[in-house]
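Trainee:
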Amino acid sequence: MVMGRYIGTLHKICEGASNKKSGWNDVLSYLEVHSISDKEAHNPPFDSPLPPYSAPSAGLKKELLDRQGPRKEDTPLRIIIRTSAPSHIVAAMLHLCPETSQVPDSRGRLPLHLACRKPTLQSEDEMIIRLLVQAHARGIVHPDVDGRIPLHYLMWYHASTRSKPLVEYFVQPVPAAWLEDAESFGGQPPSAAMITDSRNGCLPLHYAIMEGASKEVIKTLLQAHPLSRSQTDKQGRTALSWYLGAGHGLHVSGEAPDPNAVPLYKQKRSNTILSLLLNSKSARLVDSKGRSALHWVCHLLGIHYFYKEENEVECLNLELIKSLLDHYVDALLLQDQNGMTPLHLLFGAATVEQDKAFLRIERNKTVRNGVDLRNGGGKGGFEPPTALI
2 MVMGRYIGTL HKICEGASNK KSGWNDVLSY LEVHSISDKE AHNPPFDSPL
52 PPYSAPSAGL KKELLDRQGP RKEDTPLRII IRTSAPSHIV AAMLHLCPET
102 SQVPDSRGRL PLHLACRKPT LQSEDEMIIR LLVQAHARGI VHPDVDGRIP
152 LHYLMWYHAS TRSKPLVEYF VQPVPAAWLE DAESFGGQPP SAAMITDSRN
202 GCLPLHYAIM EGASKEVIKT LLQAHPLSRS QTDKQGRTAL SWYLGAGHGL
252 HVSGEAPDPN AVPLYKQKRS NTILSLLLNS KSARLVDSKG RSALHWVCHL
302 LGIHYFYKEE NEVECLNLEL IKSLLDHYVD ALLLQDQNGM TPLHLLFGAA
352 TVEQDKAFLR IERNKTVRNG VDLRNGGGKG GFEPPTALI
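In the numbering used here, the protein residues as written are 2 to 390.
(1) Is the beta carbon of R118 sitting closer than 9 angstroms to the one on H159?
(2) Where do the ends of the beta strand (DSSP E) carrying I196 lie?
(3) For the pair the region 23–41 and the region 76–95, tell me if three or more CB-CB distances fall below 8 angstroms.
(4) Is the region 45–55 touching the region 66–86 in the sense that three or more CB pairs, one from each, lie closer than 8 angstroms?
(5) Thinking C-alpha only, which one of A92, T101, R270, A93 is nearest D67?
(6) Tell me the rounded alpha-carbon separation between E33 and T162.
(7) Starting from the C-beta of L286, find all residues in its chain whose C-beta is less than 8 angstroms away, skip the five residues before and the five after it, and write them out in chain order.
(8) With DSSP run on the structure shown, which of helix, strand or coil describes I37?
(9) DSSP state of S271, grouped into three classes?
(10) Hey, out of P190, S124, A194, Y308, whose CA is closest to A178's CA?
(11) Which ranges would you report for the alpha helix (DSSP H) in the region 215–247 if only whole runs of at least 4 residues count?
(12) On the DSSP bridge assignment, give the partners of D259 in chain order.
(13) Residues in the same chain with beta-carbon distance under 7 angstroms from A116, minus the five sequence neighbours each way, listed in chain order, please.
(14) Taking the Cβ atom as the reference point for each residue, do L277 and I322 lie within a distance shorter than 9 angstroms?
(15) Just to confirm before moving on: does the CB-CB distance between N180 and I196 stay below 9 angstroms?
(16) Using the DSSP secondary-structure output, state which residues sit across from S23 in a beta bridge.
(17) From the DSSP output, in three-state form, read off P57 for me.
(18) Could you tell me the alpha carbon to alpha carbon distance between L51 and E127, rounded to whole angstroms?
(19) With distance defined between alpha-carbon atoms, name the residue in K235, H296, D198 nearest to G148.
(20) The alpha helix (DSSP H) that contains V168, what's its start and end?
(21) My guess is that W58 and I80 are in contact by the Cβ rule of under 8 angstroms, so how many angstroms apart are they, rounded?
(22) Decide if I150 is buried, meaning its Cβ has at least 16 other Cβ atoms within 10 Å, or exposed.
(23) Determine the contact status of C203 and G250, defining contact as a CB-CB distance below 9 angstroms.
(24) Return helix, strand or coil for F359, following the three-state DSSP convention.
(25) If you run the structure through DSSP and keep just helix, strand and coil, what is D126?
(26) Checking the sheet assignment: what are the DSSP bridge partners for Q69?
(27) Identify the continuous alpha helix (DSSP H) that holds T10 and give its terminal residues.
(28) To the nearest angstrom, how far is it from the Cα of M341 to the Cα of L335?
(29) From A136 to H96, what does the alpha carbon distance come to, in whole angstroms?
(30) Helix, strand or coil: which one does DSSP assign to Y266?
(31) Here's a check: name, in chain order, each residue in its chain whose Cβ is nearer than 8 angstroms to the Cβ of L333, leaving out the five neighbours to either side.
(32) Output the distance between the C-alpha atoms of H153 and S107, rounded to the nearest integer angstrom.
(33) Quick test of your reading: A401 and P176, contact by CB under 8 angstroms. State the CB separation rounded to the nearest angstrom.
(34) Taking all protein chains shown into account, do 16 or more other C-beta atoms lie within 10 angstroms of the C-beta of D75, making it buried, or fewer, making it exposed?
(35) From I8 to P112, what does the alpha carbon distance come to, in whole angstroms?
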């Protein structure tokens, strides 16, 4: 019986490289020893530590494409990306076998998807992503089983670490032939910024605004796909609605939300990002629940003011409400599918949260924040700021 995660020599060397001082040199030495010089070989479009016209031996190429591990999906390239190899090691592997960048895992994710899950705090981190794109440019629009392309992952994980130049690199126009539904883009040059996932139907923009991307990154996504301000997900929600409260208790990816994440009603909403997302159309659009952006912001504010501590910063500048009303004042009278106007939701959200708190106290038989709701107590009457009313 074979013990351990991997049986291949190169796989084992790659797995242990990050734990040894000479580990990555060992990987490079193995690639050098098992490569040959071939004048027919194509030189890569990037810098490589290997000599020009290097090619893998038959045995090495088999190893580079071999999928091992518990799920039979780990190639040496996938292993070194997961274990944060230096970019020159990734370049050497892609030099010898660029095809390994096209090998998906059991969920349809390429090595590029995996690299886009890692933070890009150093230029070295971005270099690895660029190397993978240069080795397999079409990978930019390759979807996993849930329709997520690498740009979705880039915005889903560590969005605050992404630079504007890196995102610009991902949203360049791509050939229409790379996409099955290029005609659905209405004649615009297709790019990764226009592709929705198959879970919620969300754009990379939706992921970016919910995961804390910078305003420069948001601007870049909007410039690549200007219509994304008013493009909705499968439930009719715009990026503006997601940002203003539709995302409360949900995760934009469609996966279960992190129970340890800071709740949306405690997160400060950026006026700059709101101004980027807000226009007449995004303010007027109504989702499958019959709610406009004004409904969602009132719902979020109701929860925020119910839980707000004495010195806690407001989650939203009230000037935004004025901006929404300037674009669509009739939303004040608009009823959702339950007959609720935005003002109903403002007060109703707090009532719902109070009921939840009461049930929590009853179930746990404890006192929360010094208030015993079992005796008919609870926070004082809900009093949003006079300016809001």
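We treat Cβ as the ideally placed atom computed from N, Cα and C, and that holds for glycine. These numbers were taken from a predicted model, which means no experiment stands behind them.
Mentor: This is what the structure holds:
(1) yes
(2) That residue, I196, is in no beta strand (DSSP E); it is neither H nor E in DSSP.
(3) yes
(4) no
(5) T101
(6) 34 angstroms
(7) S231, T233, G237, T239, S242, S293, A294
(8) strand
(9) coil
(10) P190
(11) 216–225
(12) Answer is none; D259 lacks a bridge partner.
(13) I82, I129, I130, L133
(14) no
(15) In the sequence as displayed, the identity of residue 180 is Leu instead of Asn. Result yes, Cβ atoms of L180 and I196 sit closer than 9 angstroms.
(16) Beta-bridge pairing links S23 to no other residue.
(17) strand
(18) 21 angstroms
(19) D198
(20) 165–171
(21) Note that residue 58 corresponds to Ser in the displayed sequence, not to Trp. Going by Cβ atoms, the distance from S58 to I80 rounds to 20 angstroms, so no, they are not a contact pair.
(22) buried
(23) no
(24) Below a pLDDT of 50, predicted positions are generally treated as unreliable, and F359, at 47, falls in that range; the measurement from the model is reported next regardless. Reduced to three states, the DSSP call for F359 is helix.
(25) helix
(26) D75
(27) 10–17
(28) 8 angstroms
(29) 8 angstroms
(30) helix
(31) L295, L326, T342, P343, L344
(32) 18 angstroms
(33) What is shown of the chain runs 2 to 390, which leaves residue 401 out entirely.
(34) buried
(35) 21 angstroms
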